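Colleague: To convert, take the position in the sequence shown, counting from 1, and add 190; that gives the numbering used here.
Just so you know, even glycine gets a beta-carbon here, dropped at the ideal spot from N, CA and C.
Model, not experiment: these values are computed from the prediction.
To start, I am sharing the structure in question, which I have written as structure tokens.
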Amino acid sequence: MAWLALVLLWWAAPAAQAIPGPDFSALFGDSDFIEIIERDEGLETRPTGYVSQDAEPDHVFRIDLDEGQVPIGQGVVYDGFLIDGKLPGPTLRVTEGDIVRMEITNSGDVMHGASIHAAYTQTSKHVGHILPGQTKSVTFRATTPGVFMYHCAPGGHAIPMHVMFGQYGMIVVEPRDKPYKLGADLGQEPDLKLYMLQHELYASGKEAVEGDASYTAFNGQLFRYVENPIPVRPGDYVRMYFLNVGPNLLSTFHIVGIIWDYVYWQGHPEALWPGGQTVTAGPSDSWVIEFRIPPEEGAYTMLDHGVGATSRGAIGLLDARSDADRPSEILAEGPSREPAEREELLGEARRVLSPFGIPDADTNPVPARVDRPVRFGSDIEEVVIEMKGNAFYPKIVEVAPGTQVTWVNEDVFTYGFGETSGVHNAVAMSGPQSFATSMLAHAERDSVTLTEPGRYEYICAPHPYMQGRIVVRDLD
191 MAWLALVLLW
201 WAAPAAQAIP
211 GPDFSALFGD
221 SDFIEIIERD
231 EGLETRPTGY
241 VSQDAEPDHV
251 FRIDLDEGQV
261 PIGQGVVYDG
271 FLIDGKLPGP
281 TLRVTEGDIV
291 RMEITNSGDV
301 MHGASIHAAY
311 TQTSKHVGHI
321 LPGQTKSVTF
331 RATTPGVFMY
341 HCAPGGHAIP
351 MHVMFGQYGM
361 IVVEPRDKPY
371 KLGADLGQEP
381 DLKLYMLQHE
391 LYASGKEAVE
401 GDASYTAFNG
411 QLFRYVENPI
421 PVRPGDYVRM
431 YFLNVGPNLL
441 STFHIVGIIW
451 DYVYWQGHPE
461 ALWPGGQTVT
471 AGPSDSWVIE
481 FRIPPEEGAY
491 TMLDHGVGAT
501 SRGAIGLLDA
511 RSDADRPSEI
521 LAEGPSREPA
531 EREELLGEAR
541 RVLSPFGIPD
551 ADTNPVPARV
561 DRPVRFGSDI
571 EEVVIEMKGN
581 AFYPKIVEVA
591 PGTQVTWVNE
601 DVFTYGFGET
611 SGVHNAVAMS
621 GPQSFATSML
631 AHAERDSVTL
641 TEPGRYEYIC
651 APHPYMQGRI
661 VVRDLD
């Protein structure tokens, strides 16, 4: 028997050695880092999201980056950067372990790009620096469950600028094997999945950089869920996927009359906290929030308990009624509107919010503070205009003939070139005199003296959407 055992051992040893390891070729191709991949696949945490760009995807999402106008409620139109013509962009949903391909098209007039926070792998080399008319893609495996942000990322200085000006959305990776606890407790799926994105809107680049928001909103519209409360029923199990895009302000999200059953930091099912009255979220922070509607009809108010944000638009209602026609989901994206409705809302606007441009007076009868002319008397010898947040500030100045106008660049990130850099200049596009300043890096300045009365329109050559205006006239 001992002899037989030795023979079997001798025979089995090389056979065992010959058994191949996992076949990674379909996912990873002929990667130069296969040793790292094999190590990561065996970790208790999870592998990274890296896969070959040729891997077969489970989901293909196609999004379009552009510039344009969208109504945001309260008679206001936002003129900025958009995704699929919306602010925020579409809600993307996958399951942990899925292979995801993002195809990004730039239909706009300036360079765009993409950053996908759900991708634990290189993205910028695949979908950064997308020129007008180009389409680029990135493929990754969604290995970490949670609630994530995606946003425009051309590169360099342009990344925060394009986020501040409106290009962002939510991507959710649902857990595959470890469900959220309230669903397990109740033995059911949520009655309502509520995807909620909080974000800020700015009237100028300067205010965007400084975090001085004109408005805040849930899902793309001021007071959206006050004007149209979300119907629920007493006893409903609600799961909220909450993301504070920011891009600057802290949110302390609360629902009046509700104490959370469970919350999950970043939406990860293992990052579980019981109870609580608020969730605190900085820019790009997220939570999954689970709760039940109490057995009583009435309105439950959702708000940012930083009440300055609430008063500027971040508030809504859950309307609990026993006969409510409750939806199964609410997505975290801007409203979808038919062309006729959109044109009607644009035509009825009282204010156009354009962080870097000057709205046309005919469509902007009640301009924001930064779009009102700043007048300087004839006793002022020099007027200083800041270049900040890819915008001129003040946008419009009125000066007397002979006044020296000086531009100072206050944008700090001046590496790179073109759209990705904070280097600016001022170039006259129309007016009695022509002028062009030198290219200005941070804290550099240049001046012109305008003696001829008239209206001067000017732009920044590397960032031509930056608009400024000087009116030279006798102010006495």
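Given a cut-off of 8 angstroms on the beta-carbon distance, is the pair I226 and L255 in contact?
Modeller: No, they are not a contact pair.
Colleague: With DSSP as the reference, please indicate the residues paired to H614 in a beta bridge.
Modeller: For H614, which the question treats as bridged, DSSP gives the partners L630.
Colleague: Less than 8 angstroms separating the beta-carbons of D299 and P322?
Modeller: A contact, by the Cβ cut-off of 8 angstroms.
Colleague: From the DSSP output, in three-state form, read off E571 for me.
Modeller: In the structure shown, E571 sits in coil (DSSP, three-state: anything other than H, G, I, E or B).
Colleague: Name the two residues that bound the continuous beta strand (DSSP E) containing K326.
Modeller: K326 -> beta strand (DSSP E) spans T325 to R331.
Colleague: Which first and last residues belong to the alpha helix (DSSP H) in which P350 is found?
Modeller: Here the alpha helix (DSSP H) through P350 covers A348 to M354.
Colleague: Between the alpha carbons of S297 and P261, how many angstroms are there, rounded?
Modeller: Taking the straight line from one Cα to the other gives about 20 angstroms.
Colleague: If you count every other CB in all the chains shown that lies within 10 Å of the CB of A187, and 16 or more means buried, which is it?
Modeller: Not covered by the structure: residue 187. The range shown for the chain is 191 to 666.
Colleague: Please determine, among G644, P654 and Q657, the residue with the shortest C-alpha to C-alpha distance to D664.
Modeller: With distances taken between Cα atoms, D664 lies closest to G644.
Colleague: Three Cβ pairs or more, each shorter than 8 angstroms: is that satisfied between the segment 395–403 and the segment 357–368?
Modeller: Touching, no.
Colleague: Judging by CA-CA distance, which residue of A530, G612 and P280 is the nearest neighbour of G395?
Modeller: Of A530, G612 and P280, the residue nearest in Cα terms is G612.
Colleague: Around the Cβ of K315, are there at least 16 other Cβ atoms within 10 angstroms (buried) or fewer (exposed)?
Modeller: It counts as exposed.
Colleague: Does the beta carbon of A216 fall short of 7 angstroms from some heavy atom of the ligand GDP?
Modeller: Here there are no bound small molecules, and the ligand GDP is not part of this structure.
Colleague: DSSP three-state call for L640: helix, strand or coil?
Modeller: In this structure, L640 counts as strand in the three-state DSSP scheme.
Colleague: Please give me, in chain order, every unbroken run of the beta strand (DSSP E) with length at least 3 that falls completely inside the segment 388–443.
Modeller: Complete beta strand (DSSP E) runs here, min 3: 405–408, 420–422 and 427–436.
Colleague: Within its chain, find whatever has a CB closer than 6 angstroms to the CB of D381; leave out the 5 residues flanking it on each side and keep chain order.
Modeller: D426 and Y427.
Colleague: According to the neighbour-count rule (16 or more other Cβ atoms, all chains shown, within 10 Å of its Cβ), is M619 buried or exposed?
Modeller: M619 comes out exposed.
Colleague: If you reduce the DSSP assignment to three classes, tell me which class V497 lands in.
Modeller: Three-state DSSP puts V497 in a helix.
Colleague: With a Cβ-Cβ cutoff of 8 angstroms, do G303 and G258 count as a contact?
Modeller: Taking 8 angstroms as the Cβ cut-off, G303 and G258 do not qualify as a contacting pair.
Colleague: Which residues in the same chain as I586 place their Cβ atom closer than 6 angstroms to its Cβ, once the five residues preceding and following it in sequence are excluded?
Modeller: Excluding positions up to five away in sequence, the list reads P563 and R659.
Colleague: Using the Cα positions of A398 and P545, report the straight-line distance between them to the nearest angstrom.
Modeller: So the alpha carbons of these two residues sit roughly 8 angstroms apart.
Colleague: Is the beta carbon of G443 less than 8 angstroms from the beta carbon of V469?
Modeller: In the sequence as presented, Gly is not what sits at residue 443; that position holds Phe. For F443 and V469, yes; Cβs fall inside 8 angstroms.
Colleague: Could you tell me the boundaries of the alpha helix (DSSP H) in which G537 lies?
Modeller: Here the alpha helix (DSSP H) through G537 covers P529 to G537.
Colleague: Determine the direct distance from the alpha carbon of H632 to that of S568, and round the result to whole angstroms.
Modeller: Approximately 29 angstroms between the Cα atoms of the pair.
Colleague: For a test of the three-state rule: what should DSSP assign to T311, helix, strand or coil?
Modeller: In this structure, T311 counts as coil in the three-state DSSP scheme.
Colleague: Take the Cβ of K276 as the centre, count every other Cβ of all protein chains shown within 10 Å, and call the residue buried at 16 or more, exposed below.
Modeller: By the neighbour-count rule (16 or more Cβ atoms within 10 Å), K276 is buried.
Colleague: Quick test of the definition: if touching needs 3 or more C-beta pairs under 8 angstroms, does the segment 362–379 touch the segment 497–514?
Modeller: No, because fewer than three Cβ pairs between the segment 362–379 and the segment 497–514 fall closer than 8 angstroms, the two stretches do not touch.
Colleague: Looking at the unbroken alpha helix (DSSP H) that takes in E588, where does it start and where does it end?
Modeller: Per DSSP, E588 belongs to no alpha helix (DSSP H); it is in the beta strand (DSSP E), I586 to V589.
Colleague: Whose C-beta lies closer than 6 angstroms to the C-beta of H307 among residues of the same chain, with five residues either side of it excluded?
Modeller: Correct list, in chain order: F338 and M339.
Colleague: Any contact between the segment 580–597 and the segment 651–658? By contact I mean 3 or more CB pairs, one from each, below 8 angstroms.
Modeller: Output reads yes: the segment 651–658 touches the segment 580–597.
Colleague: DSSP on A216, reduced to helix/strand/coil?
Modeller: Residue state, collapsed to three classes: helix.
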